[in-house]
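Quick mapping for you: the protein sequence lines, in order, are chains A and B.
Here the first sequence is numbered in the working numbering, starting from 32 and rising by one per residue.
Here the second sequence is numbered in the working numbering, starting from 2 and rising by one per residue.
Note that CB positions come from ideal geometry on N, CA and C, so glycine has one too.
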Amino acid sequence: MRDLDGLKRELEHTRLTAVTRRHFLRHCGTGLGALWLATTAGAVDRLGFARAPAEPLAPLPPQFPAKAKRVIYLHMAGAPSQLELFDYKPVLARLDGQDCPPSFLEGKRFAFISGVPKMLGPQFPFHPSGQAGAWISDRLPHFERHIDDVCFVRSMRTDEFNHAPAQLMLHTGSPRFGHPSLGSWVTYGLGTENQNLPGYIVLVSGGKTPDGGKSLWGSGFLPSVYQGVQCRAQGDPVLFLSNPADVSRPERRRVLDAIGDINREQHARHGDPETLTRIAQYELAFRMQVSASEAMDLSRETAAVHARYGTQPGAESFANNCLLARRLAERGVRFIQLYHWGWDSHGASESEALTTGFPKRCLEVDQPIGALLSDLKERGLLEETLVIWGGEFGRTPMRENRNGQEMKFVGRDHHPGAFTVWLAGGGVKPGFSYGATDEMGYNIVENPVEVRDLQATIIRLLGFDHHKLSLPFQGLDQKITGVKPTRIVREIIA
Amino acid sequence: MRRRTISLLLAMLPGGAGAAAAPSPAVTAYEGFVAPILRARCVECHGPDKQKARLALHTWEALVRGSDAGPVIAAGRPDESVLVQRLKLPLDDEEHMPPSDHPQPAAAEIALLERWIAQGGTREARVTELNLPPDLLAALGQLSGRLAALRPAGAPEARWELDDAAVSAARAPVASVVAALQRRFPGALLYESRTGTALHFTTAGLGAEFGDAELSLLEPLREHVVVLDLSRSGVTDASAGLLGRFRALRTLRAAFTRLGDPTVAALVGLPALEHLTLHASGVTSASVPNLRQLPRLRTLRLGETAAEGAARVAGLPLGPPPDPALPAPAPNANP
Numbered sequence: 032m033r034d035l036d037g038l039k040r041e042l043e044h045t046r047l048t049a050v051t052r053r054h055f056l057r058h059c060g061t062g063l064g065a066l067w068l069a070t071t072a073g074a075v076d077r078l079g080f081a082r083a084p085a086e087p088l089a090p091l092p093p094q095f096p097a098k099a100k101r102v103i104y105l106h107m108a109g110a111p112s113q114l115e116l117f118d119y120k121p122v123l124a125r126l127d128g129q130d131c132p133p134s135f136l137e138g139k140r141f142a143f144i145s146g147v148p149k150m151l152g153p154q155f156p157f158h159p160s161g162q163a164g165a166w167i168s169d170r171l172p173h174f175e176r177h178i179d180d181v182c183f184v185r186s187m188r189t190d191e192f193n194h195a196p197a198q199l200m201l202h203t204g205s206p207r208f209g210h211p212s213l214g215s216w217v218t219y220g221l222g223t224e225n226q227n228l229p230g231y232i233v234l235v236s237g238g239k240t241p242d243g244g245k246s247l248w249g250s251g252f253l254p255s256v257y258q259g260v261q262c263r264a265q266g267d268p269v270l271f272l273s274n275p276a277d278v279s280r281p282e283r284r285r286v287l288d289a290i291g292d293i294n295r296e297q298h299a300r301h302g303d304p305e306t307l308t309r310i311a312q313y314e315l316a317f318r319m320q321v322s323a324s325e326a327m328d329l330s331r332e333t334a335a336v337h338a339r340y341g342t343q344p345g346a347e348s349f350a351n352n353c354l355l356a357r358r359l360a361e362r363g364v365r366f367i368q369l370y371h372w373g374w375d376s377h378g379a380s381e382s383e384a385l386t387t388g389f390p391k392r393c394l395e396v397d398q399p400i401g402a403l404l405s406d407l408k409e410r411g412l413l414e415e416t417l418v419i420w421g422g423e424f425g426r427t428p429m430r431e432n433r434n435g436q437e438m439k440f441v442g443r444d445h446h447p448g449a450f451t452v453w454l455a456g457g458g459v460k461p462g463f464s465y466g467a468t469d470e471m472g473y474n475i476v477e478n479p480v481e482v483r484d485l486q487a488t489i490i491r492l493l494g495f496d497h498h499k500l501s502l503p504f505q506g507l508d509q510k511i512t513g514v515k516p517t518r519i520v521r522e523i524i525a
Numbered sequence: 002m003r004r005r006t007i008s009l010l011l012a013m014l015p016g017g018a019g020a021a022a023a024p025s026p027a028v029t030a031y032e033g034f035v036a037p038i039l040r041a042r043c044v045e046c047h048g049p050d051k052q053k054a055r056l057a058l059h060t061w062e063a064l065v066r067g068s069d070a071g072p073v074i075a076a077g078r079p080d081e082s083v084l085v086q087r088l089k090l091p092l093d094d095e096e097h098m099p100p101s102d103h104p105q106p107a108a109a110e111i112a113l114l115e116r117w118i119a120q121g122g123t124r125e126a127r128v129t130e131l132n133l134p135p136d137l138l139a140a141l142g143q144l145s146g147r148l149a150a151l152r153p154a155g156a157p158e159a160r161w162e163l164d165d166a167a168v169s170a171a172r173a174p175v176a177s178v179v180a181a182l183q184r185r186f187p188g189a190l191l192y193e194s195r196t197g198t199a200l201h202f203t204t205a206g207l208g209a210e211f212g213d214a215e216l217s218l219l220e221p222l223r224e225h226v227v228v229l230d231l232s233r234s235g236v237t238d239a240s241a242g243l244l245g246r247f248r249a250l251r252t253l254r255a256a257f258t259r260l261g262d263p264t265v266a267a268l269v270g271l272p273a274l275e276h277l278t279l280h281a282s283g284v285t286s287a288s289v290p291n292l293r294q295l296p297r298l299r300t301l302r303l304g305e306t307a308a309e310g311a312a313r314v315a316g317l318p319l320g321p322p323p324d325p326a327l328p329a330p331a332p333n334a335n336p
């Protein structure tokens, strides 16, 4: 048995080893350490706005009146072919089967294509639709009912041609790990309305996590309280929501109070903002025990709703996640991120073929997206909810040929040079198309939109100047749009 | 660096509504009436947010630069200034500005702009140097009140950069009530932006426990709340009269509530209401005549109510009806 003095010495030793260079810098009163802690741990943000350090997710007003209050981002991981859905190219159809012109190949690097590939026409029939006569293929009939509420951007381009870096680029602004995701920036800037649910929720379907992994919803150098909370796709969306059999709610409360006291003491001593994150997360979990079970319980919806979405409670599906997204939007969650994997239509196998796997994926997403847009509209939520759909890049107008050999199935390679995203609600122009590609759908000929332009536009719709939604880190005012010239696409703002 | 806007200079203008005192010699015409008129009438589409025809009018530099087609002001020649020409085109002319479905400037406002351009259209010209005739002087005295009335009650003038002191001052009358309610209902009450006094309130995180008694606590903010979301709350028609006094409301959402016809009847006088959601509420077809009286209503959601059919017949802005189930497309259709 050690005596009390021994214990005290051990405690003091532990405390001293916890004092790091970072704390030294902080106590110097100046320098990077002080700057970092002052900005993250509270006081004021880059807009000069006071933040309550103990309530990192409390809602904050945007910089100026916002068009959108929340985001539902439907990311089609693997990158769906724009040429089979939204970007109609009759000339490409005529050239189907002909050799690709050398001008398309010179100086280009592809993920897989080598040698001289053949041009590949659209695999499904197109028709003009809606008041604006936007062209669309026959694969998305439920979505098509909302085509007059949707704004297409047909001239998206990115710098990356592999899935993980391109997904990171789209969601964090950098193809490398370690930067905060869009949802993290948004919850950092705006907090969240419902204090009993996470502000940034991630739902994954399609059988696989996207290639970029959990970094896609990471908080990077922002406090980790702003990272996305991934809910499980099968069974209970959140584990351990109920207390163990022998623990009552008051008892749980007492335990959290005691742990909170210790953590606050730690924070007073070391000033590490991650300690505040931990306190906030414990408290959120306590409140979620009641409210998350209710929010995530799809069995509370009527049979008619399930029929419209095509949902099955307990199954892993994009449909379930769309219905969850609607329930979370209704309950004031700020950023709802869905990933649906399986759009990488190279043609290497049946499930990857444009003629077989691709239409199956379309079937999986079409009806739930239609139902989600209907519900948001009917409940008056679409005006203030920004819905975004898209992949991480586009696909080539050439048929993929690996090692100069024609593939067994019909497919297209990755194409960073042109792809389509659509946006709906949240202050974007309804029934509008922006930008255009050439007759082959290969290069952008009108109004190119960089990934950072899209990010700046989303941030603008949420009521911020993207230059101001920033944090000093590693000597730079970091922001999701980076340091290259960035343009808000005002033309698509209603 | 924080730029100060000139919007507060309006307060320096002589007199309130009805007064026609001599303008202070310190005020330039640009600050005194040109910028306020442009801001109230034009900047929504030609400003920091949007620049239709690549024209912005919210700063002096932007005004001088003009549009894609060139300058909009010809110094000394109002008749040749595109700005004035567009204002004076017949209302049904496609090129008339502001668009015919927007509030139109008074003749005196156009006359003031013409007078300023005729005298050189400079940034420095003072109001007193324009030798305004008595009728325009009188109009100038009433201008600030007239322009303020264009905005929904409680909505602040568009301010894009403002110092903290001005924001605090504008919020002072409601600050203590707002702070108390933010403590009582965490996450529910929020200023619309960091630069204004308009408020949003939502019961998204509160649910059925938020009822009539709780709503009555918001009464002191009735001139400031522009978006009110009561969906899935326990609020009832007992609050109808109170809701009718929220005169600044732009959006009222009350899906899945017991609110019904008495509440709709109380909403009739709301001057700024644009979006109304009563999805799955108690409203019936008896409300349709009242709903037709809302002057600025742009979207109305009445799904799963007894009012939807009659409202559709009456031509209210409901949007297309939800379609029945669609057949699945053919598994593969190579054209």
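Residue-chain proximity (LYS408(A), chain B), Cβ-Cβ < 8 Å: The residue you call residue 408(A) lines up with position 377 of the first sequence. Yes, LYS408(A) counts as interfacial toward chain B.
Whole-angstrom distance between PRO148(A) and ASP328(A), CA atom to CA atom: Taking the first sequence and counting its residues from 1, one reaches residue 328(A) at position 297. Taking the first sequence and counting its residues from 1, one reaches residue 148(A) at position 117. In a straight line, the C-alpha of ASP328(A) is about 49 Å away from that of PRO148(A).
9 Å Cβ cut-off: residues of chain B touching PHE183(A): By 1-based counting over the first sequence, the position of residue 183(A) is 152. None at all; the shortest Cβ gap to chain B is about 19 Å.
Three or more C-beta pairs below 8 Å linking the segment 417-432 of chain A and the segment 440-448 of chain A: yes
Chain B within 8 Å of GLY575(A), Cβ atoms only: A query on residue 575(A) cannot be resolved here, the shown segment of chain A reaching from 32 to 525 and no further.
Option nearest CYS262(A) by Cα separation, candidates ALA334(A), VAL514(A), SER324(A) and GLY302(A): Numbered from its first residue, the first sequence carries residue 262(A) at position 231. Ranking the options by Cα distance to CYS262(A), first place goes to SER324(A).
Below-8 Å beta-carbon distance, ALA171(B) vs any chain A residue: The residue you call residue 171(B) lines up with position 170 of the second sequence. No, ALA171(B) lies away from the interface with chain A (no Cβ there is under 8 Å from its Cβ).
Minimum C-alpha distance to PHE34(B) - residue among LEU141(B), ARG297(B), PRO290(B) and VAL226(B): Along the second sequence, one-based indexing puts residue 34(B) at 33. Checked all of LEU141(B), ARG297(B), PRO290(B) and VAL226(B); the closest Cα to PHE34(B) is LEU141(B).
Chain-order list of residues whose beta-carbon lies under 6 Å from that of GLY237(A) (same chain, five-residue window excluded): Along the first sequence, read from residue 1 onward, the residue named residue 237(A) stands at position 206. Result list for GLY237(A): HIS371, TRP372 and GLY373, in chain order.
Contact check, GLU470(A) vs SER186(A), beta carbons under 8 Å: Start at 1 with the first residue of the first sequence, and residue 470(A) comes out as number 439. Start at 1 with the first residue of the first sequence, and residue 186(A) comes out as number 155. In this structure, SER186(A) does not lie closer than 8 Å to GLU470(A) by Cβ.
Chain B contacts from the segment 108-140 of chain A (Cβ-Cβ distance under 9 Å): ALA124
Reduced DSSP category for GLU437(A) - H, G, I as helix; E, B as strand; rest coil: Taking the first residue of the first sequence as position 1, residue 437(A) is located at position 406. Looking at GLU437(A) - three-state DSSP - the assignment turns out to be strand.
Any C-beta of chain B under 8 Å from that of ARG521(A): As a first step, residue 521(A) must be located in the first sequence, where it is residue number 490. So, interface residue.
Listed by chain order, chain A residues near THR285(B) by CB distance under 8 Å: Counted from its first residue, the second sequence places residue 285(B) at position 284. None at all; the shortest Cβ gap to chain A is about 18 Å.
Cα-Cα separation, ASN351(A) to PRO100(B): Here residue 351(A) refers to the residue found at position 320 when the first sequence is read from its first residue. Here residue 100(B) refers to the residue found at position 99 when the second sequence is read from its first residue. Approximately 44 Å, taken between the alpha carbons.
Beta-carbon neighbours of PRO296(B), restricted to chain A and to distances below 9 Å: Start at 1 with the first residue of the second sequence, and residue 296(B) comes out as number 295. Ordered by position in chain A, no residue passes the 9 Å Cβ test against PRO296(B), which lies about 19 Å from the chain.
Neighbour-count burial assignment, GLN198(A), 16 or more Cβ in a 10 Å radius: What you label residue 198(A) is simply residue 167 of the first sequence in a count that begins at 1. Result: buried.
Test item: CB-CB of PRO156(A) and TRP166(A) under 8 Å: Within the first sequence, numbered from 1, the residue matching residue 156(A) stands at position 125. Within the first sequence, numbered from 1, the residue matching residue 166(A) stands at position 135. Contact flag unset, no.
Residue-chain proximity (GLY320(B), chain A), Cβ-Cβ < 8 Å: Numbered from its first residue, the second sequence carries residue 320(B) at position 319. So, interface residue.
Interfacial residues, the segment 351-385 of chain A to chain B, with Cβ spacing under 7 Å: GLU361, ARG362 and GLY363
Rounded C-alpha distance that separates GLU437(A) from ALA379(A): Working through the first sequence from its first residue, we reach residue 437(A) at position 406. Working through the first sequence from its first residue, we reach residue 379(A) at position 348. About 10 Å.
Those residues which DSSP pairs with MET150(A) across a bridge: By 1-based counting over the first sequence, the position of residue 150(A) is 119. Bridge partners of MET150(A): MET429(A).
Paired residues, beta bridge with TYR231(A) - DSSP: The sequence position of residue 231(A) within the first sequence is 200, counting from 1. PHE366(A), per the DSSP bridge assignment.
Beta carbon proximity, THR427(A) to chain B, threshold 8 Å: Here residue 427(A) corresponds to residue number 396 of the first sequence, with the count starting at 1. False, the Cβ-Cβ gap to chain B never drops below 8 Å.
Within chain B, the residues that GLN94(A) reaches when beta carbons sit closer than 7 Å: Reading the first sequence from its first residue, position 63 is the one you call residue 94(A). The answer, in chain order, is SER194 and ARG195.
Opposing strand residues paired with THR512(A) [DSSP bridges]: Numbered from its first residue, the first sequence carries residue 512(A) at position 481. For THR512(A), which the question treats as bridged, DSSP gives no partner whatsoever.
Buried or exposed (CB count within 10 angstroms, at least 16 for buried), ASP277(A): By 1-based counting over the first sequence, the position of residue 277(A) is 246. Exposed, because fewer than 16 other Cβ atoms sit within 10 Å of the Cβ of ASP277(A).
Cutoff 7 Å; reference GLY341(A); Cβ partners in own chain excluding five residues on either side: Along the first sequence, read from residue 1 onward, the residue named residue 341(A) stands at position 310. Taken in chain order, the residues that qualify are ALA350, GLN398 and PRO399.
For GLY71(B), the three-state DSSP class (helix, strand or coil): Looking up residue 71(B) in the second sequence gives position 70. GLY71(B) falls in the strand class under three-state DSSP.
Cutoff 7 Å; reference ASN6(A); Cβ partners in own chain excluding five residues on either side: The structure shown has nothing for residue 6(A), since chain A only spans 32 to 525.
Closest residue to VAL284(B) among THR258(B), LEU298(B), ARG299(B) and THR300(B) (Cα-Cα distance): Walking along the second sequence from the start, residue 284(B) turns up at place 283. Per the Cα distances, THR258(B).
With 16 other Cβ atoms within 10 Å as the buried cut-off, status of SER273(A): Along the first sequence, one-based indexing puts residue 273(A) at 242. By the neighbour-count rule (16 or more Cβ atoms within 10 Å), SER273(A) is not buried but exposed.
Helix, strand or coil at GLU481(A) [DSSP, three-state]: Indexing the first sequence from 1 puts residue 481(A) at position 450. Residue state, collapsed to three classes: strand.
Proximity below 8 Å, CB of ALA312(B) to CB of LEU303(B): Taking the second sequence and counting its residues from 1, one reaches residue 312(B) at position 311. Taking the second sequence and counting its residues from 1, one reaches residue 303(B) at position 302. Contact flag set, yes.
Beta carbon proximity, ASN474(A) to chain B, threshold 8 Å: Here residue 474(A) refers to the residue found at position 443 of the first sequence. Chain B contact via Cβ: absent.
Assumed close pair PHE117(A), PHE424(A) - CB separation to whole angstroms, cut-off 8 Å: Counted from its first residue, the first sequence places residue 117(A) at position 86. Counted from its first residue, the first sequence places residue 424(A) at position 393. Their Cβ separation, rounded to whole angstroms, is 14 Å, which puts PHE117(A) and PHE424(A) out of contact at 8 Å.
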